[in-house]
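In terms of our numbering, the sequence shown has 720 at position 77, counting the first letter as 1, and numbering is strictly consecutive. We put the CB at the ideal spot given by N, CA and C, even for glycine. Predicted model only: the values in this text are computed from it and were never measured. Here the structure is laid out as structure tokens; the discussion comes afterwards.
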Amino acid sequence: MDKINLSKSYDIDSHRRANTKPVEWKLAEREEFLNKLLSSDKKKLLEIGAGPGIDSIYFKENGIEVTSVDLSAEMIRYCKEKGLQAYVMDFYHLDFADNTFDAVYALNCLLHVPKNEIGDVLLGIRRIMKPGALFYMGLYGGNDSEGVWENDWCDPKRFFASYSDTSIRTLVGKYFKEISVNTIPLQDGQPHFQALILQK
């Protein structure tokens, strides 16, 4: 993964993202995961690819102890301005002890990992999860592809990996127990959204 270019893309786009309200279906997904955390008394959450902390602050305000990490220093600056415990960190090298977190939340960040590297990243996430911990993994998909998105509005253009519904379930099934899978259709011509809740 080209971490330098990816970090630069999100540094440049950080102001727009910090001032953009999430769409309704993302809010519904987030609320559902929060309810699962509260009902199972899972209070210690790591958000990877936290961006400007919009979801992290939501979880914090609803009683969850949140740690936020992102590759982009500008994104982490926004997180810290919100009072979040936040660190510049990439998900290839999660600098936490084994079995630290009750839950992990990863919305639209793991789709930047090349397919030949995703297994190691998932193992690293699994390592820092407590036994029985929950993992929300959300990404755009529907077909099997990977490469730089030539129509990207960000500069530098970003790399994306996409999976069919079958492929993503097969992949995560090597590392986690599947709790639920939800596919959300988007506008015509766009990939749909894949929302997976998994467990260590």
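May I ask you to list the residues that DSSP assigns as paired with residue 813?
For the purposes of this step, residue 813 is taken as residue 170 along the sequence shown, with counting starting at 1. Answer by DSSP bridge pairing: none, since residue 813 is not bridged.
Would you call residue 755 buried or exposed, if buried means 16 or more other Cβ atoms sit within 10 Å of its Cβ?
Within the sequence shown, numbered from 1, the residue matching residue 755 stands at position 112. Answer is buried; the Cβ neighbour count reaches 16.
Three-state secondary structure (DSSP) at residue 782?
Taking the sequence shown and counting its residues from 1, the one referred to as residue 782 is at position 139. Three-state result, residue 782: strand.
So, residue 696 versus residue 752, is the Cβ gap smaller than 9 angstroms?
If you number the sequence shown from 1, residue 696 lands on position 53. If you number the sequence shown from 1, residue 752 lands on position 109. No.
If residue 825 and residue 807 are in contact, beta carbons under 8 angstroms, what's the gap, nearest whole angstrom?
In the sequence shown, the residue the question calls residue 825 occupies position 182. In the sequence shown, the residue the question calls residue 807 occupies position 164. About 15 angstroms separates the two Cβ atoms, so there is no contact after all.
What are the boundary residues of the alpha helix (DSSP H) that residue 702 is part of?
The residue you call residue 702 lines up with position 59 of the sequence shown. Looking at the DSSP string, the run of the alpha helix (DSSP H) that includes residue 702 is 697 to 704.
Residue 767, DSSP secondary structure in three states:
Taking the sequence shown and counting its residues from 1, the one referred to as residue 767 is at position 124. Residue 767 falls in the helix class under three-state DSSP.
Quick one: is residue 666 buried, meaning 16 or more other Cβ sit within 10 Å of its Cβ, or exposed?
Translated into the one-based positions of the sequence shown, residue 666 becomes position 23. It counts as exposed.
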